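A.B. asks: The structure is given below, and queries will be raised subsequently.
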Amino acid sequence: MNMRRVICGVLALSLAGGTIHVPLAQAALVGTGEVVAAATLGQAADEARQRLAALLARDDVVAALQGHGVDAAQARARVDSLSDEEVQQLAGQIDQLPAGGDVLGIAVFVFLVLLFTDIMGYTDIFPFVKKTAR
Amino acid sequence: MSLLRGGTCRWIAALALTLLLSGCGTLSPALRPGDGLPQQAYAGAPFFAQEIHHCGPAALAGALGASGVTTTPDALAPQVYLPGREGSLQLELVAAARGAGRIAYVLQPELEAALREVAAGRPVLVLQNLGLSWYPRWHYALLIGYDLAAGSITLHSGTERDYVTALATFDRTWARAGRWALVIPAPGTLPATARELPYIAAAAALERSDPVAAEAAYDTALVRWPASLPARLGLGNARYARGDLAGAEAAFSAAARAHPDAAVAYNNHAHVLARLGRRAEALAAARRAVELAGDSLPEARRTLEEIQGPGAGN
């Protein structure tokens, strides 16, 4: 019982210590490192978006998607709705495919990713997919 | 019989060597010079003969020397040499360069980038794997010259001053080490191949330990990229870090004027205005930051609360 009180006291103190640090003068200044990190992420995401858009604009990819019953315009709209991190993840996964890999493979891959994002509730392309989020 | 076998072996070895050499003779497309790259160049750098296992300190001392820092491998060894590993890590070299008040800029992993730096008169610290991928022999050297027509490059390497070797061989040993290359520009100069965000990230890493040097680096960056928001904010942050509130205020004010939709600029400006006692202006800037950022910048709300003070009604 006593021990528990001591532990509680220590915890309370350390928590209080944590909050005391917040209002210090430096706390509200945004550091250069954070600014650069955010800008770098934004730039990389822009590039990833452009690459995905170029991929989804290719006739063979459009045809392959259509073969799977996916409208390319809708797929593009879904890519637009992905967050910066998700777009980079998607583009990164496509990069890892063998260079010059067969187009159908890529299209199927895109299809699978969109299917996955559908399941996760990020996207809503395939009506047959039951959403897990909301 | 044994003689004959020995002869066969030698013949096969010679054939293999010929095949290898013919491979060396043709440069891969990646090794073709780009536009505007001089046929040959030589960048002077102090030479320090390496003592046993001390290639890292020796190469770093040369690169720092070329950037105007007088030092020796012996002075650097305690900072960068890991006795347990009988060598140095790249991060240690980067940190030691910063410790000397210099920007440590890691190049794009491309031969052309390294050669461009040499052509601009700047030695390039390179990591090589002189062995094989499954039998690595890590080595740091200073790339100081090249001759495209002769297909050769010049290194300060180990105990060899101005060691000339084949460009293709160098590129192989360098590629085996991930084509890691570091330049240490003298104050007021930018690497020839510097890109905006990586360069400002390198300056930001210097900000904590040496805000004066970081401030100079941001100034240099703004000459090349006048519209760079991170550089302008860095300038303000570096001035703030060394206690120059008026200078920081000027930098953040300029940042907010040039980037009127950048919440960070207003937030940092508000913070410094408050420190200067200009409360009304601080409040206006802080409100603007919150307005622009919404929930995406928690610091903005904190700045506003700080300026409004505890128990402030509005």
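Taken in order, these protein sequences are the chains called X and C.
The first sequence: position 53 = 79 (my numbering), numbered continuously.
The second sequence: position 24 = 5 (my numbering), numbered continuously.
We put the beta carbon where it would ideally sit given N, CA and C, even for glycine.
Source: prediction; values computed, not measured.
Using a cut-off of 9 Å between C-beta atoms, extract the partners of residue 245 of chain C located in chain X.
C.D. replies: Simply 56, 60, 61 and 64.
A.B. asks: What are the boundary residues of the beta strand (DSSP E) that includes residue 120 of chain C?
C.D. replies: 119 to 128
A.B. asks: For chain C, is any of its Cβ atoms less than 8 Å away from the one on residue 69 of chain X?
C.D. replies: yes
A.B. asks: Assess contact between the region 180 to 198 of chain C and the region 209 to 223 of chain C, defined as three or more Cβ pairs (one per stretch) separated by less than 8 Å. Is contact present?
C.D. replies: They touch, by the three-pair rule.
A.B. asks: Against chain X, does residue 62 of chain C count as a neighbour if the rule is that its beta carbon must be under 8 Å from one of theirs?
C.D. replies: no
A.B. asks: State yes or no: is the C-beta of residue 162 of chain C within less than 8 Å of the C-beta of residue 106 of chain C?
C.D. replies: yes
A.B. asks: Using the Cβ count rule (16 or more neighbours within 10 Å means buried), how would you classify residue 184 of chain C?
C.D. replies: With 16 or more other Cβ atoms from the protein chains shown falling within 10 Å of its own Cβ, residue 184 of chain C counts as buried.
A.B. asks: Would the region 138 to 152 of chain C and the region 76 to 90 of chain C be scored as touching if the rule is three or more Cβ pairs under 8 Å?
C.D. replies: no
A.B. asks: Determine contact between the region 121 to 134 of chain C and the region 26 to 43 of chain C, defined as no fewer than three beta-carbon pairs at a distance below 8 Å.
C.D. replies: yes
A.B. asks: Under the three-state reduction of DSSP, which class applies to residue 107 of chain X: helix, strand or coil?
C.D. replies: helix
A.B. asks: Which ranges does the alpha helix (DSSP H) cover as unbroken runs of at least 4 residues, wholly within the region 91 to 120 of chain C, from first to last along the chain?
C.D. replies: 92 to 100
A.B. asks: Between which two residues does the beta strand (DSSP E) holding residue 137 of chain C run?
C.D. replies: 133 to 138
A.B. asks: Run through chain X and tell me which residues come within less than 8 Å of residue 33 of chain C, C-beta to C-beta.
C.D. replies: Under the 8 Å cutoff, chain X gives no residues; its nearest Cβ is about 38 Å from residue 33 of chain C.
A.B. asks: Please classify residue 97 of chain C: is it buried, with 16 or more other beta-carbons within 10 angstroms of its beta-carbon, or exposed?
C.D. replies: buried
A.B. asks: Does the separation of the CB atoms of residue 38 of chain C and residue 75 of chain C fall below 8 Å?
C.D. replies: The answer is no: Cβ separation not under 8 Å.
A.B. asks: Are the CB atoms of residue 81 of chain X and residue 113 of chain X within a distance shorter than 8 Å?
C.D. replies: Inclusion of residue 113 of chain X and residue 81 of chain X in the CB contact set at 8 Å is not warranted, their separation being larger than that value.
A.B. asks: Answer yes or no: does any C-beta atom of chain X fall closer than 8 Å to that of residue 178 of chain C?
C.D. replies: yes
A.B. asks: Can you find a CB in chain X that lies within less than 8 Å of the CB of residue 185 of chain C?
C.D. replies: yes
A.B. asks: Have a look at residue 54 of chain X and residue 64 of chain C and give me their C-alpha separation to the nearest angstrom.
C.D. replies: 42 Å
A.B. asks: With 8 Å set as the bound, which would you pick, yes or no: does the beta-carbon of residue 266 of chain C sit closer than that to a beta-carbon of chain X?
C.D. replies: no
A.B. asks: Verify the CB distance criterion: does residue 215 of chain C have a CB-CB separation below 8 Å to chain X?
C.D. replies: yes
A.B. asks: In whole angstroms, what separates the C-alpha of residue 177 of chain C from that of residue 200 of chain C?
C.D. replies: 13 Å
A.B. asks: Could you tell me which of C/270, C/186 and C/281 sits nearest to residue 72 of chain C, measuring between CA atoms?
C.D. replies: C/186
A.B. asks: How would you write the range of the alpha helix (DSSP H) that residue 62 of chain C sits in, first residue to last?
C.D. replies: Careful: residue 62 of chain C lies outside any alpha helix (DSSP H) and carries neither H nor E.
A.B. asks: Please name the residue, chosen from C/182, C/271, C/136 and C/132, that lies closest to residue 215 of chain C on a Cα-to-Cα basis.
C.D. replies: C/182
A.B. asks: Just the C-alpha distance for residue 179 of chain C and residue 70 of chain C, rounded to the nearest angstrom, thanks.
C.D. replies: 20 Å
A.B. asks: If you count every other CB in all the chains shown that lies within 10 Å of the CB of residue 236 of chain C, and 16 or more means buried, which is it?
C.D. replies: buried
A.B. asks: Inspect the beta-carbon positions of residue 167 of chain C and residue 49 of chain C and report whether they are closer than 8 Å.
C.D. replies: yes
A.B. asks: How about residue 283 of chain C: is its C-beta nearer than 8 Å to some C-beta of chain X?
C.D. replies: yes
A.B. asks: Do the region 248 to 260 of chain C and the region 279 to 286 of chain C make contact, defined as three or more Cβ pairs closer than 8 Å?
C.D. replies: yes
A.B. asks: Taking a contact to mean a Cβ-Cβ separation below 8 Å, would you say residue 174 of chain C touches residue 94 of chain C in this structure?
C.D. replies: yes
A.B. asks: Measuring only between beta-carbons, confirm whether residue 207 of chain C sits less than 8 Å from chain X.
C.D. replies: no
A.B. asks: Distance cutoff 8 Å, beta carbons only. Does residue 10 of chain C sit that close to anything in chain X?
C.D. replies: Reliability fails at residue 10 of chain C, whose pLDDT of 47 lies under 50, so the model's placement of it is uncertain and the value that follows must be treated cautiously. Not an interface residue.
A.B. asks: Tell me, please, whether the CB atom of residue 137 of chain C is closer than 8 Å to any CB atom in chain X?
C.D. replies: no
A.B. asks: Please report the residue range of the beta strand (DSSP E) in which residue 31 of chain C lies.
C.D. replies: From DSSP, residue 31 of chain C is part of no beta strand (DSSP E); its letter is neither H nor E.
A.B. asks: Closest Cβ-Cβ distance between residue 125 of chain C and chain X: below 8 Å?
C.D. replies: no
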